[in-house]
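Here is the structure we will look at.
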Amino acid sequence: PALLLGPGGSVDSTGSQPCSNPQPQALAPCLPLPLRHPLLTGAFLIPYVIALVFEGIPIFHVELAIGQRLRKGSVGVWTAVSPYLSGVGLSSVTLSLLVSLYYNTIVAWVLWYLLNSFQHPLPWSSCPPDLNRTGFVEECQGSSAVSYFWYRQTLNIAADINDSGSIQWWLLLCLAASWAVVYMCVIRGIETTGKVRAGRARSPLLLPPAPRTPPHRPVFALCLQALMRGINV
């Protein structure tokens, strides 16, 4: 039977799952991928292009084409190709899960900093006072206000690597909020995820092309103590 593809995704005549519009929604997530690589040098770009042309794009196209035709996910697609290839789909799902855990943790940190940014002065602009209000916290004076806010007030890291520490409730709430946002983005399937992907894919294209590195690296470089000395040299 013919595939009926509407603007927001539609169901074919067999009554199976809906699929996304192949023009904007299916290709939108691929647009920001080249901008995410921190090392766009020749030594990295040559093997990347070779792997992309001969491995990445063909496998991605096969998965998209069969997925659109059979209305199945990654595991179902590769199982339909061959039962021996079901591990490819399982690997894709596992990788997506691990990446989601990693990025949602970063989103939780961003939410925590966003909430604290409404204070004046900013909590990482100066060291907090001690309990007696006669001076500043010694740990903060020994490092910096930025490092103290990150390592102590945000992460509250333990002194020993063998000590896992305790759960920080503020980060737990921020992590729950980040997963709630993810849930709201996927709650209605293709109808909501397609709009989110299309909007998210345009955001890197609207930014200046200069930042080719991850955003934390320039910020980290600007916070180094010998910054001006290196610039003057």
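Residue 182 in full-length UniProt numbering sits at position 182 of the sequence shown, with consecutive numbering throughout.
All residues carry an ideal CB built from backbone N, CA and C; glycine is no exception.
Fair warning: this is a prediction, and the values are worked out from it, not measured in the lab.
In the structure shown, what three-state DSSP assignment does residue i receive?
| i | result |
| --- | --- |
| F136 | strand |
| P121 | coil |
| P128 | coil |
| L155 | coil |
| residue 234 | Examination of residue 234 is not possible in this model, given that the chain is present from 1 through 233 alone. |
| S143 | coil |
| P209 | Unreliable positioning characterises P209 in this predicted model, as indicated by a pLDDT of 47, which lies under 50. The coordinate reading is nonetheless provided below. In the structure shown, P209 sits in coil (DSSP, three-state: anything other than H, G, I, E or B). |
| S166 | coil |
| S92 | helix |
| I187 | coil |
| I50 | helix |
| S86 | helix |
Could you say which of the options lies nearest to residue i if we only look at CA atoms?
| i | options | result |
| --- | --- | --- |
| L175 | G165, T134 and L101 | L101 |
| W179 | Y113, I161, V107 and R71 | V107 |
So, are the CB atoms of residue i and residue j less than 9 angstroms apart?
| i | j | result |
| --- | --- | --- |
| L131 | A177 | no |
| V81 | I66 | yes |
| T79 | S86 | yes |
| V182 | N104 | yes |
| residue 254 | W109 | Residue 254 falls outside the range modelled here, since the chain spans only 1 to 233, and no answer is possible. |
| F149 | P121 | no |
Counting pairs of beta carbons, one from the segment 57-76 and one from the segment 150-168, are three or more of them closer than 8 angstroms?
-> no
Okay, do the segment 139-148 and the segment 114-128 touch, 3+ Cβ pairs below 8 angstroms being the bar?
-> yes
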